[in-house]
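Everything below concerns the one structure shown next.
Residue numbers (this note's numbering), protein chains in the order written: chain A, 1 to 200; chain B, 201 to 496.
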């Protein structure tokens, strides 16, 4: 197997790259890593309240797991689904070890329901504020709003926006129904919009 | 091509799409460069180490592939050669051994061999028969009168009571004068235990009758003798005991001949008995002793 050039590697799917890496092509991993490293890093960073050290640790652990599993990898789903399954497990382990957020609280729909109620109390949909100009203040508030979300809503939002997973894939990954995922996403979006509307 | 680009437009609504776009413009953090370098180095190292590891199994498998067929090819041949070699050595050895044993085992039964002994010699040689044959082949001291060989050879094959019963006064035990066919047979070197019936079969009718009477008398005479003998389990009885028993049997035979009216034969037996044992008259009963005094 002759080594592929950069253009050829870029045209390959994630699954093909991972298979190539499993067969010994280290450059395939480089391409795959470059494609996903930012998203996975931010996934951890948002869940860790923008704690870079924690995000670094979790990010490194995630990709080391990918490296270790390169020969066992089988294409049963999209690579992203598999990757964020590993990422989510690592995140839950982190929370469990820190006793910061237990797995039960992470999976507790009660948290989601409370968040939903609070968001409903805050008011319904208004005119889309995103059409207005975006400044740094809005970005800062957006990140802060995400940090204030319940873990399940934040997780669904990050998996969808950062990880690029579809609703069905998130439902499979989180072992919930598609409607539940859709509901979480709806509340997450509503919360973010509300944050943006609530300009000082 | 980033994940963001590929997932553009997948939001539930346009407003969500705008929000996602805003998010992607906002969220641009990347892992630190040293973390990237460490992970890429680990990925390369994993591949490199894996390339080294398969080399060993491949080498081992090549060795196995080279060794196993060689063994598989030569093992049956080596086993066959080993079996053939063993057969080449063992078969002649066993054949020569059988040749040594065959003359003894297939030796034609003498005419004087008793029925029991003949049945033993029929058919394939049993271990007991071989041992018995070997016992016969083993040099024994000069045969003693009174069937000493009987105790030595046939001791394990017969009941002890039967073994202790003295054999009829075959000539081998006490060689009588060679004046008759009986005397000729008596000079034969056949063991005493093999003689009686065949020898008796050759005798005349009158003699047979006399022997029948003798058998009856011998039974009467032998019973007390056997009872007087040491325990049947005492196998090392000395020769003197055998002599006494044989003398008693001889005396009983003489008495039987005398009782049957064959006085001439009784006289011949008495003379032979006296020739073998000067105190032969002492073994006779008192009435017969009176008659014996009349015999020169």
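Here a beta-carbon is modelled for each residue, glycine too, at the ideal position from N, C-alpha and C.
Beta-carbon within less than 8 Å of residue i's beta-carbon, same chain only, minus the 5 sequence neighbours each way: which residues are those?
i, result
"residue 161 (chain A)", "none"
"residue 62 (chain A)", "40, 44, 83, 86, 87 and 90"
Hey, quick one: how far does the alpha helix (DSSP H) through residue i stretch, first residue to last?
i, result
"residue 66 (chain A)", "52-68"
"residue 153 (chain A)", "151-161"
"residue 148 (chain A)", "136-148"
"residue 188 (chain A)", "178-197"
"residue 73 (chain A)", "No alpha helix (DSSP H) holds residue 73 (chain A); DSSP gives it neither H nor E."
"residue 467 (chain B)", "463-476"
"residue 174 (chain A)", "167-174"
"residue 495 (chain B)", "Note, residue 495 (chain B): premise wrong, no alpha helix (DSSP H); not H, not E."
"residue 17 (chain A)", "14-22"
"residue 229 (chain B)", "Neither: residue 229 (chain B) is in no alpha helix (DSSP H) and is coded neither H nor E."
"residue 31 (chain A)", "26-47"
"residue 6 (chain A)", "6-11"
Distance cutoff 9 Å, beta carbons only. Does residue i sit that close to anything in chain C?
i, result
"residue 242 (chain B)", "The chain labelled as chain C is not found among the protein chains of the depicted structure, namely A and B."
Would you say residue i and residue j are within 9 Å of each other, going by their C-beta atoms?
i, j, result
"residue 10 (chain A)", "residue 40 (chain A)", "no"
"residue 67 (chain A)", "residue 242 (chain B)", "yes"
"residue 173 (chain A)", "residue 84 (chain A)", "yes"
"residue 174 (chain B)", "residue 45 (chain A)", "This structure cannot speak to residue 174 (chain B), because chain B is shown only from 201 to 496."
"residue 37 (chain A)", "residue 216 (chain B)", "no"
"residue 147 (chain A)", "residue 188 (chain A)", "no"
"residue 90 (chain A)", "residue 58 (chain A)", "yes"
"residue 457 (chain B)", "residue 466 (chain B)", "yes"
"residue 163 (chain A)", "residue 52 (chain A)", "no"
"residue 17 (chain A)", "residue 35 (chain A)", "yes"
"residue 232 (chain B)", "residue 136 (chain A)", "no"
"residue 165 (chain A)", "residue 78 (chain A)", "yes"
"residue 72 (chain A)", "residue 21 (chain A)", "no"
"residue 19 (chain A)", "residue 75 (chain A)", "yes"
Compute every distance between the C-beta of residue i and the non-hydrogen atoms of the ligand MG, then say whether any falls below 8 Å.
i, result
"residue 247 (chain B)", "The ligand MG is not part of this structure, which contains no ligands at all."
Measuring only between beta-carbons, confirm whether residue i sits less than 9 Å from chain B.
i, result
"residue 55 (chain A)", "yes"
"residue 60 (chain A)", "yes"
"residue 73 (chain A)", "no"
"residue 178 (chain A)", "no"
"residue 18 (chain A)", "no"
"residue 187 (chain A)", "no"
"residue 7 (chain A)", "no"
"residue 30 (chain A)", "yes"
"residue 63 (chain A)", "yes"
"residue 162 (chain A)", "yes"
"residue 202 (chain A)", "Outside the shown range of chain A (1 to 200) lies residue 202 (chain A), about which nothing can therefore be said."
"residue 196 (chain A)", "yes"
"residue 139 (chain A)", "yes"
"residue 171 (chain A)", "no"
"residue 203 (chain A)", "Nothing can be reported for residue 203 (chain A), as the shown portion of chain A is limited to 1 through 200."
"residue 147 (chain A)", "no"
"residue 25 (chain A)", "yes"
"residue 175 (chain A)", "no"
Using a Cβ-Cβ cut-off of 6 Å (strictly less than) and excluding sequence neighbours within five positions of residue i, which residues of its own chain qualify?
i, result
"residue 180 (chain A)", "none"
"residue 480 (chain B)", "473 and 474"
"residue 484 (chain B)", "451 and 492"
Using a Cβ-Cβ cut-off of 7 Å (strictly less than) and excluding sequence neighbours within five positions of residue i, which residues of its own chain qualify?
i, result
"residue 145 (chain A)", "191, 192 and 195"
"residue 477 (chain B)", "447"
"residue 140 (chain A)", "none"
"residue 178 (chain A)", "167, 168 and 171"
Cβ of residue i less than 9 Å from any chain A Cβ?
i, result
"residue 230 (chain B)", "yes"
"residue 238 (chain B)", "yes"
"residue 224 (chain B)", "yes"
"residue 283 (chain B)", "no"
"residue 264 (chain B)", "Unreliable positioning characterises residue 264 (chain B) in this predicted model, as indicated by a pLDDT of 46, which lies under 50. A coordinate reading is not provided."
"residue 289 (chain B)", "no"
Taking its Cβ as the centre, do 16 or more other Cβ atoms sit within 10 Å of residue i, making it buried, or is it exposed?
i, result
"residue 223 (chain B)", "buried"
"residue 80 (chain A)", "buried"
"residue 143 (chain A)", "buried"
"residue 296 (chain B)", "exposed"
"residue 47 (chain A)", "buried"
"residue 28 (chain A)", "buried"
"residue 60 (chain A)", "buried"
"residue 153 (chain A)", "buried"
"residue 247 (chain B)", "buried"
"residue 169 (chain A)", "buried"
"residue 543 (chain B)", "Lying before the first or after the last residue shown, residue 543 (chain B) is absent from chain B, which here runs from 201 to 496."
"residue 371 (chain B)", "At residue 371 (chain B), the pLDDT of 44 sits below 50, so the modelled position is not reliable; the number obtained from the coordinates is stated separately. Its Cβ being crowded by 16 or more others within 10 Å, residue 371 (chain B) is buried."
"residue 274 (chain B)", "exposed"
"residue 294 (chain B)", "exposed"
"residue 98 (chain A)", "exposed"
"residue 26 (chain A)", "buried"
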